[in-house]
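For the sequence shown, the positions run 1 to 634 when the numbering used here is used.
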Amino acid sequence: MIPEITTFNDYIKQWDEASRDPAGYFEKIARSFTWKKNWEKTLEFDLKEGHIAWFKGGFLNITENCLDRHLAERGGQPALIWEPNDPREKNCVLTYRQLWSQVCRMASGLKKLGVKKGDRVCIYLPMIPEAAVAMLACARLGAVHSVVFAGFSPTALADRIRDADCSVLITADGFSRGDKSVPLKRLADEALQVCPSVRHVVVVSRSQPYAIQSAREVGWTDLLERGEETFPAEPMEAEDPFFILYTSGSTGKPKGVLHTCGGYMVWAGFTLRNVFQTRPGEIFFCTADVGWVTGHTYGLYGPLLNGLTTVFFEGVPTWPHPGRLWEIVEKYGAQVLYTAPTAIRALEMLGSEIPDRYAMPSLRVLGSVGEPINTDAWLWYHRHVGKERCPIVDTWWQTETGGILISTLAGVTPSVPAWATLPLPGVQPVLLDEEGREVPNEAAHTQGYLCLKSPWPGMMRSVFGSHQRFVDTYLRRFPGYYFTGDGALRNAQGHYRIIGRVDDVVNVSGHRIGTGEVEDALNMHDLVTESAVVGMPHPVKGEALHAFVLCPPSQDVSQGLKKELQDLVAQKIGRFAVPEKIFIVPGLPKTRSGKIMRRILRKILAGERDLGDTTSLLDPAVVETIRQTVWANQ
Ligand code: WT7
1 MIPEITTFND YIKQWDEASR DPAGYFEKIA RSFTWKKNWE KTLEFDLKEG
51 HIAWFKGGFL NITENCLDRH LAERGGQPAL IWEPNDPREK NCVLTYRQLW
101 SQVCRMASGL KKLGVKKGDR VCIYLPMIPE AAVAMLACAR LGAVHSVVFA
151 GFSPTALADR IRDADCSVLI TADGFSRGDK SVPLKRLADE ALQVCPSVRH
201 VVVVSRSQPY AIQSAREVGW TDLLERGEET FPAEPMEAED PFFILYTSGS
251 TGKPKGVLHT CGGYMVWAGF TLRNVFQTRP GEIFFCTADV GWVTGHTYGL
301 YGPLLNGLTT VFFEGVPTWP HPGRLWEIVE KYGAQVLYTA PTAIRALEML
351 GSEIPDRYAM PSLRVLGSVG EPINTDAWLW YHRHVGKERC PIVDTWWQTE
401 TGGILISTLA GVTPSVPAWA TLPLPGVQPV LLDEEGREVP NEAAHTQGYL
451 CLKSPWPGMM RSVFGSHQRF VDTYLRRFPG YYFTGDGALR NAQGHYRIIG
501 RVDDVVNVSG HRIGTGEVED ALNMHDLVTE SAVVGMPHPV KGEALHAFVL
551 CPPSQDVSQG LKKELQDLVA QKIGRFAVPE KIFIVPGLPK TRSGKIMRRI
601 LRKILAGERD LGDTTSLLDP AVVETIRQTV WANQ
């Protein structure tokens, strides 16, 4: 549970070793975890077919590594500190022993409801301790959790429940974030109308005491009370499914990214302690919601695997006052703060004097995740939050990668503004050109498609329900490589700088949104013939969505339509996916083969006069009319 890499020399040696002999290297790393039975084969893979197996034949249960193994030494240490949205409400601290006990009871309660190893359980909860207990309880009995971010709409929730064929839903009556309240149970009920697979609904009373409404509902506390005091952890084969987490891609339908038990555990534990250089007992504050992968790996599993205390924050960084985040760092004496550039930029805009009022002496490392961090935000974070004494780790990874792949190791490897820097041991990034040739290492400054040429333990194994989609999305474009969908730069020192997505995925406030998904939602409106959604740089959100919507010429398109379209996206996906601007246009820039040229739309939005080569357009005149619409509406 202490870092394997503590000097630059260790890093160089271990990166080399892991590249030459990944099986040998990760065998050693994996031994630092508790296994019920040793594995027979460390690594087996065929990247073209999408077959990846780590620690085959080995048995484990991640909850024994997160909880049981700590009980003797740190049973009384806080495992999780929950800070409520409203600071006037009492917080909650769960020691390792208390968390273990709740997890046992809940696992046992779920088992009594008929949940078995391999069954899918959907978790639709706000950031409350019950979310952690629910996830760990599933893990303890071997059920596959699919956490759906509580900001998703009923339609999005229903799509995910159906895709994973979940038999149980765990949700709450309602909650507040900042000054907004969310009637979560009502949203869940709406989704459940089209989800016949759900046999039981477990309801946490978060806002008010909740009265059960039907035979399939059960209250969270009732279920806990029904559960046994101890619950033996289910032996899981290393390659048994662990969890599903939906993420957006370039097509409309979200993908259920599937992670497995052994590799994910090893990667979550290994990356956390080495990137953040943590020691057991430290306070780790990751602001991500458990509904996203960062919340899974660095909000829950990673910290517990390493004997840390994780801070679970239900609220938002700026409510009820702009110093809320800094107040929490000070209140709990966090050593690590891990957040997104969007939050950093939003806080920066409120003025440096706010963090300047907080000394935050406990802070040791600052982390950034989810989107490229610009130099200004990096420097501000360094000066005003880290007081120029904390290294910043800009961590690049994805839902699909399970954990961090490219990052500074705090205080061990160099930290450079706006650069994610160096790959972790076991990670072999390459930059490929259009034809799939590796851009040579010698060149001073190279750019290309960021791909990985060998598997690492935390890599996704499949898309739930469609292995072909896994192969098609990630492994087919450049055979023999995993394609990340990102473009990157590399300098002479081998440092990487992530430029951003090269596919139709937009990163809004660190939330990954497929433009296709938003287009599908817009196209559902009766008056919409077709639409094109693009991402544009935004000073706080990183990127913002802009939609171009085509309506039949005969229709009288009123302002009311824009509002209806916004509501439609909120209803189909969630508020966070609503486009910033919607332009009703008489035509879209299409090639003769019918492909929408989004590049042209982006240039028009950026106010560029020179649109590049437009000769392949079916109707070049359409560009001028779109330009006028944009100007008239900006
Ligand atoms: C995409 C993955 C990483 C967990 C949270 C988001 C972008 C992520 C960075 C970074 C530049 C980054 C990439 C990536 N991204 N981290 N440090 N610098 N870009 O996970 O929702 O799966 O999104 O986020 O474009 O592909 P996700």
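Where a beta carbon is used, it is the ideal one built from N, C-alpha and C, also for glycine. Everything numeric in this text was worked out from a predicted model, so none of it was measured.
In terms of residues, what are the limits of the beta strand (DSSP E) holding N523?
-> From DSSP, N523 is part of no beta strand (DSSP E) but of the alpha helix (DSSP H) over 515–523.
Identify whether Y25 lies in helix, strand or coil by the three-state DSSP scheme.
-> helix
Measure the CB-CB distance between S593 and L258 and report whether it falls below 9 Å.
-> no
Closest by CA to T339, which one among P78, S509, L527, P84?
-> S509
Nearest candidate by alpha-carbon position, reference P280, set L561, E239, R69, K13 = R69
Q398 beta carbon near the ligand WT7 (any heavy atom closer than 8 Å) | yes
Nearest to D173 (by Cα), restricted to the options S108, A156, Y210 | Y210
Could you give the distance in angstroms between the alpha-carbon of A268 and the alpha-carbon of L300?
-> 10 Å
With a threshold of 8 Å, establish whether the CB of I52 neighbours any heavy atom of the ligand WT7.
-> no
T278 versus G333: straight-line alpha-carbon distance, rounded | 14 Å
Taking 9 Å as the cut-off, decide whether the C-beta atoms of R501 and T399 are in contact.
-> no
Hey, quick one: how far does the beta strand (DSSP E) through H467 stretch, first residue to last?
-> H467 -> not in any beta strand (DSSP E); alpha helix (DSSP H) instead, spanning 467–470.
In or out: K563 buried (at least 16 other Cβ within 10 Å) or exposed?
-> exposed
Please find out if some non-hydrogen atom of the ligand WT7 comes closer than 8 Å to the beta-carbon of G458.
-> no
Give a yes or no on whether the C-beta atoms belonging to S558 and T591 are separated by under 9 Å.
-> no
Would you call the segment 415–427 and the segment 219–234 in contact, with 3 or more CB pairs under 8 Å?
-> no
Residue ranges of each alpha helix (DSSP H) run of no fewer than 4 residues wholly in the segment 316–343, ordered along the chain?
-> 324–332
Let me know if W631 comes out buried or exposed under the rule of 16 or more other beta-carbons within 10 Å of its beta-carbon.
-> exposed
Simplified DSSP assignment, three categories, for E234 = coil
Could you name each continuous beta strand (DSSP E) segment of 3 residues or more that falls completely within the segment 71–142, going from the start of the chain to the end?
-> 78–83, 92–95, 120–124
Would you please state the rounded distance, in angstroms, between the beta carbons of Q14 and I2? I believe it to be under 8 Å.
-> Q14 to I2, Cβ: 14 Å. No contact.
What do you reckon, is the C-beta of E371 under 8 Å from a heavy atom of the ligand WT7?
-> yes
Whole angstroms is fine: what's the gap from I128's alpha carbon to L308's?
-> 18 Å
Cβ of N507 within 8 Å of any heavy atom in the ligand WT7?
-> yes
Nearest to L272 (by Cα), restricted to the options P317, W396, N306 | N306
Using DSSP with H/G/I as helix, E/B as strand and the rest coil, what is I354?
-> helix
How would you write the range of the alpha helix (DSSP H) that G269 sits in, first residue to last?
-> 261–276
Neighbourhood of V412 by C-beta distance below 7 Å, restricted to the same chain and skipping five residues each side | I5, T6, T7, F8, Y11, Q277
Indicate whether the contact test is met: 3 or more Cβ pairs, each with one atom in the segment 487–507 and one in the segment 232–241, closer than 8 Å.
-> no
What are the partner residues of V439, as DSSP defines its beta bridges?
-> Its beta-bridge partners do not exist; DSSP assigns none.
Take every Cβ of the segment 581–589, pair it with every Cβ of the segment 162–182, and state whether three or more of those distances are shorter than 8 Å.
-> no
Looking at M536 and A606, is the spacing between their C-beta atoms short of 9 Å?
-> yes
For I161, which residues from the same chain have a beta carbon less than 6 Å from its beta carbon, with the 5 sequence-adjacent residues on both sides left out?
-> C122, C195
Beta-carbon gap between K28 and L60 smaller than 9 Å = no
CA-CA distance, F483 and L565?
-> 34 Å
Please confirm whether any heavy atom of the ligand WT7 lies closer than 8 Å to the CB of W100.
-> no
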